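*Asks:* Chains as they are written, first to last, in this note's numbering: chain A, 2 to 209; chain B, 33 to 238.
1. Using three-state DSSP, classify residue 203 (chain A) as helix, strand or coil.
2. Let me check understanding here. Comparing Cα to Cα, which of B:196, B:117, B:167, B:77 lies closest to residue 103 (chain B)?
3. Quick one: what does DSSP say residue 144 (chain A) is sitting in, helix, strand or coil?
4. Per DSSP, which residues does residue 183 (chain B) bridge with? Please list them.
5. Quickly, what does DSSP pair residue 124 (chain A) with across the bridge? List them, please.
6. For residue 192 (chain B), which three-state DSSP category applies?
7. Please tell me whether residue 81 (chain B) and residue 161 (chain B) are closer than 8 Å, where the distance is taken between their beta carbons.
8. State the DSSP-derived secondary structure class of residue 215 (chain B), mapped to helix, strand or coil.
9. Could you have a look at residue 191 (chain A) and say whether DSSP puts it in helix, strand or coil?
10. When the cut-off is 8 Å and only beta carbons count, does residue 218 (chain B) lie next to chain A?
11. I need the DSSP call for residue 208 (chain A), collapsed to helix, strand or coil.
12. Roughly how many whole angstroms lie between the Cα atoms of residue 116 (chain A) and residue 222 (chain B)?
13. Quick one, which of B:113, B:194, B:218, B:128 has its alpha-carbon nearest residue 182 (chain B)'s?
14. Is the number of C-beta pairs between the region 149 to 166 of chain A and the region 201 to 218 of chain B that are closer than 8 Å three or more?
15. On the premise that residue 76 (chain A) lies in contact with residue 53 (chain A), defined as a C-beta separation below 8 Å, what is that separation, rounded to the nearest angstrom?
16. At a Cβ threshold of 8 Å, is residue 225 (chain B) touching chain A?
17. Give the residues of chain B in contact with residue 165 (chain A), contact being defined as C-beta atoms less than 7 Å apart.
18. Just mark residue 102 (chain A) as buried or exposed, buried being the case when its beta carbon has 16 or more other beta carbons within 10 Å.
19. Within 8 Å of any Cβ in chain B, is that where the Cβ of residue 155 (chain A) sits?
20. Determine, for residue 150 (chain A), whether the minimum Cβ-Cβ distance to residues of chain B falls below 8 Å.
21. Does residue 115 (chain A) get closer than 8 Å to chain B when you measure Cβ to Cβ?
22. Tell me residue 56 (chain A)'s beta-bridge partners as DSSP assigns them.
23. Mind checking whether residue 125 (chain B) and residue 139 (chain A) have CB atoms under 8 Å apart?
24. With contact counted as at least three CB pairs below 8 Å, one residue from each stretch, are the region 51 to 61 of chain B and the region 86 to 97 of chain B in contact?
25. Going by the beta-carbon positions, is the gap between residue 68 (chain A) and residue 89 (chain A) smaller than 8 Å?
26. Quick one: what's got a C-beta closer than 7 Å to residue 41 (chain A)'s C-beta in the same chain, skipping five residues either side?
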């Protein structure tokens, strides 16, 4: 058992819901509302020093009544120990968590992936867009249990939307690293980049 | 000792004053012979099939034997688009644009189960066969196909090219997308994308 679990229970009391151990890893379930505060304490307290956020992910279980879990995998380089922190998101409430980007800049794309796959909103995220699926993807969140394996649209509609997407517009100017040379680009490329993928894909002509 | 034989100066023979180096043939044969033996591939490798494709290009299998050693990493100097690996929907407009950029004459090889049918990836993210996006000449089955499989597909494509004729210009017509942005009718795409084999036992959860 990781000693950080005891330290958390001493420091935060009832905000630590329960502590379990699985395959040698310590798992701490914490109160959703105090997640940011607890993770900040784990990162900034010298005795803890979990300075590395390994992964952010989420779990939805088969049982429909069980809440979703958002999972933070932490690591302390100085002591070579890891800690898993989980918070439960009941399904009858909006799926919202505080963003950890202010604590770990690396949480940016990890939280975008969780948003993309599970539809969990991260409050305070600087750039919460889909990251794996394209931005106009309208079929839902693929890793949710109620999502059909083959998607919600027909195959022909999926192909139509894919072929109508603009392959040059998947990235923002910042991601492409050309924000400062934007004005030197050809006009048509400027237009495509400025529109980005946020635009709507045109409806089929003639109601196909 | 010259390459050209000494003209026969015996009585009764007619000696030509022009070079004897000419031959007669059919245009179709000559053009198809040249095309089929100098296909420049445009490798579009997205998955493990691309590893087998690289093996086919390396010394042991050596597709240079078939005039394909010159990988064209620009579609504008390529003849054969080899899609080696699965194609997600996000890459569909990319391969379509690469295909549109290739000059005629051009051919497409669909290498592997995923490129040909979607393979095991019968899911929300994957194109169920690249023939719903670009026209395909040769399908190479396998998961992934061995280099011999790809070489056999290339030989089949060469055979197909040798059967082409310049008298039929329709085979060189550029196949563009229709007004809906599709290559085939929606019904045809749905039919081609129908699950089969083991996919039939996968459930749609909603």
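Glycine included, C-beta positions come from ideal geometry on N, C-alpha and C. These numbers were taken from a predicted model, which means no experiment stands behind them.
*Replies:* Quick answer:
1. Low confidence applies here, because residue 203 (chain A) scores a pLDDT of 48, under 50, leaving its location unreliable and the question unanswered by this model.
2. It is B:77 whose Cα lies nearest to the Cα of residue 103 (chain B).
3. Note: residue 144 (chain A) maps to coil in three-state DSSP.
4. For residue 183 (chain B), which the question treats as bridged, DSSP gives no partner whatsoever.
5. A:99.
6. It is helical.
7. No.
8. Judged by DSSP in its simplified three-state form, residue 215 (chain B) adopts coil rather than helix or strand.
9. Residue state, collapsed to three classes: helix.
10. Output row for residue 218 (chain B): interface = yes.
11. Low local confidence applies: a pLDDT of 42 at residue 208 (chain A) is under 50, so the model's placement there is unreliable, and no value is given.
12. Distance from the CA of residue 116 (chain A) to the CA of residue 222 (chain B), rounded to the nearest whole angstrom, comes to 30 Å.
13. Minimum Cα distance to residue 182 (chain B) is reached at B:113.
14. These segments touch.
15. Separation of the CB atoms of residue 53 (chain A) and residue 76 (chain A) is rounded to 4 Å, and the pair is thereby assigned contact status at 8 Å.
16. Contact with chain A is found for residue 225 (chain B), since one of that chain's Cβ atoms lies less than 8 Å from the residue's Cβ.
17. 213, listed in chain order.
18. Buried.
19. Output row for residue 155 (chain A): interface = yes.
20. Yes, its Cβ sits closer than 8 Å to a Cβ of chain B.
21. Cβ-Cβ to chain B under 8 Å: no for residue 115 (chain A).
22. Looking at the DSSP assignment, residue 56 (chain A) forms a beta bridge with A:74.
23. In this structure, residue 139 (chain A) does not lie closer than 8 Å to residue 125 (chain B) by Cβ.
24. Contact between the region 51 to 61 of chain B and the region 86 to 97 of chain B is absent, because fewer than three Cβ pairs lie under 8 Å.
25. Cβ atoms of residue 68 (chain A) and residue 89 (chain A): closer than 8 Å.
26. For residue 41 (chain A), where only same-chain residues beyond five positions count, the Cβ hits under 7 Å are 104.
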